[in-house]
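Have a look at the structure below, then the notes.
As structure tokens, then:
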């Protein structure tokens, strides 16, 4: 059972039908000179190509999911790509911070690794590409979002509170002590959307994994249970990511002499 | 005996050279005023003295030791800078006063009331929310907070800017009294030359990143400072 309410042959037709709405939106944006037409088309083409690309790869991987020697290398490459792209994208949030990618990439990898390891150890993620690839996507995606939020907030708060931080330094605080409150605030702020989603889970927000399971015909109770397991692991990974961002970014804000660096 | 020996110190902030070869000695126990127009480098020099920034070239010796060989955190506890903007930390006045000794892991009992009195504030103020104080009160809490560290040097950046003009006298008197009682060396940045003449033992006149002259206050003539 695919859970999809049309045959594979009808797929292209349904996709074309769904695109009508997008074309209307595109026409309106051109007509109203909103200036997003080009970006919209590029985004659509990129997103579509990436989705079909991963679908082709998954089709290949699923065919050989009993032979670890075949599926393991491409899955590792895919996860590596997620880490690199996630790290680079997230680093763009730290305006002006030199070497931000050396903070974001390890933080995202650590957060996602914690999520995936716990999922694997708890047997919620059997070691097969069918589970690893989508769950890794969720774990890396969530870690990237939290990483971006934490870093963006840290840079902005540091800029706004520079005088307060230097006041603390002047009173003999180490850089770690001077940033303590600010780091705590930023970690908390970065996790607010995740915690809010956790609170509204199932009411105004049915997450991707559960939606997929429901469409595929899984018992709603089983789907909800699985979603909760996945979500809790992802929240845990997010906390790890934000804490690592706070720790690693200290060396970008301060030099070895406990002085605020020039770029900030 | 000199507590600071500053030799040929140069600092650039971005592309602008702010200090262009400063030579200056600060004697132990004196109150040295740094005067000069805005942009002359007074605050930048003060920030070099507790290593909030390091010079690009030249040397600073503190109590005979090259400042770069001293742990900056330790140095800042001995030579405390009170910035122009008196930013209060979260919590009460007492929390603010205890901040420095607490993070330094001091085991000694901090005399909060004594610090407040030395800074010209009543001890009963210790329980008040620091962020709700007036500008003048915040200035004094910032001084009390610095005194709680029992420093050897106080680096004051315009300590009376923003204080009610009728109370400037009081703040000046307070600083003079506690610095004498505690035998502190004070480096006092001010753009107000008459104030420098009232409070200091010596005056260094900075202009365009250089020390133009250093004189005993009684010999200082303030024409030509600006």
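Chains as they are written, first to last, in the numbering used here: chain A, 1058 to 1321; chain B, 86 to 311. Note that CB positions come from ideal geometry on N, CA and C, so glycine has one too. Bear in mind that the values here come from a model prediction, so they are computed numbers and not experimental data.
Counted within 10 angstroms of its Cβ, other Cβ atoms place residue 126 of chain B as buried (16 or more) or exposed: buried
Closer than 8 Å to chain A by CB, residue 157 of chain B: yes
Contact check, residue 1229 of chain A vs residue 161 of chain B, beta carbons under 8 Å: yes
Residues, ordered as in the chain, of the segment 1210-1222 of chain A that lie near chain B by beta-carbon distance below 8 Å: 1220 and 1221
Alpha-carbon to alpha-carbon, residue 1060 of chain A and residue 1273 of chain A: 4 Å
Reduced DSSP category for residue 1128 of chain A - H, G, I as helix; E, B as strand; rest coil: helix
Supposed close pair residue 1205 of chain A, residue 1147 of chain A - CB separation, criterion 8 Å: 5 Å
Contacts around residue 1188 of chain A, its chain only, beta-carbon distance under 6 Å, and the 5 residues preceding and following it disregarded: 1182
Contacts that residue 26 of chain B makes with chain A (C-beta to C-beta distance below 8 Å): Nothing in the structure corresponds to residue 26 of chain B, since chain B is present only between 86 and 311.
Opposing strand residues paired with residue 104 of chain B [DSSP bridges]: B:96
CB-CB length for residue 276 of chain B against residue 120 of chain B, believed under 8 Å: 7 Å
Residue burial classification, residue 89 of chain B (beta-carbon count within 10 angstroms, cutoff 16): buried
CB contact below 8 Å: residue 225 of chain B versus chain A: no
Whether residue 165 of chain B touches residue 236 of chain B by CB criterion (8 Å): yes
Residue 262 of chain B classed as buried or exposed, judged by whether at least 16 other C-beta atoms fall within 10 angstroms: exposed
Closest residue to residue 1264 of chain A among A:1177, A:1249, A:1291 and A:1247 (Cα-Cα distance): A:1291
Counted within 10 angstroms of its Cβ, other Cβ atoms place residue 1119 of chain A as buried (16 or more) or exposed: exposed
Nearest residue (CA-CA) to residue 1300 of chain A, options A:1158, A:1135, A:1215 and A:1211: A:1211
Length of the line joining the Cα atoms of residue 1151 of chain A and residue 1246 of chain A: 16 Å
Interface residues of chain A facing residue 91 of chain B [CB-CB closer than 7 Å]: Result: empty, since nearest Cβ-Cβ is about 18 Å, beyond 7 Å.
Per-residue burial, residue 123 of chain B [other beta carbons within 10 Å of its own, 16 or more giving buried]: exposed
Helix, strand or coil at residue 184 of chain B [DSSP, three-state]: helix
Interface residues of chain B facing residue 1315 of chain A [CB-CB closer than 7 Å]: 157 and 158
C-beta neighbour in chain B for residue 1239 of chain A, strict 8 Å: no
Residue 1063 of chain A versus residue 1075 of chain A - alpha carbon distance: 14 Å
Closest residue to residue 1159 of chain A among A:1141, A:1174 and A:1173 (Cα-Cα distance): A:1141
Residue nearest to residue 97 of chain B in terms of C-alpha spacing, selected from B:226, B:181, B:139 and B:182: B:139
Minimum Cβ-Cβ distance from residue 180 of chain B to chain A less than 8 Å: no
Opening and closing residue of the alpha helix (DSSP H) in which residue 1088 of chain A lies: 1068-1088
Members of the segment 128-147 of chain B that neighbour chain A once the beta carbon cut-off is set at 7 Å: 135, 136, 137, 138 and 139
Own chain partners of residue 1135 of chain A with C-beta closer than 6 Å, once the 5 adjacent residues on each side are dropped: none
C-alpha gap between residue 288 of chain B and residue 143 of chain B, whole angstroms: 22 Å
Reduced DSSP secondary structure (H/G/I, E/B, other) of residue 290 of chain B: strand
Residues of its chain near residue 1058 of chain A, where Cβ-Cβ distance is below 6 Å and the 5 sequence neighbours each way are ignored: Low confidence applies here, because residue 1058 of chain A scores a pLDDT of 49, under 50, leaving its location unreliable; read the following figure in that light. If we look at residue 1058 of chain A and ignore the five residues flanking it on each side, its Cβ neighbours are 1274.
Exposure of residue 1203 of chain A, with buried meaning 16 or more beta-carbon neighbours within 10 Å: buried
Exposure of residue 1016 of chain A, with buried meaning 16 or more beta-carbon neighbours within 10 Å: In this structure chain A extends from 1058 to 1321, so residue 1016 of chain A is not present and cannot be described.
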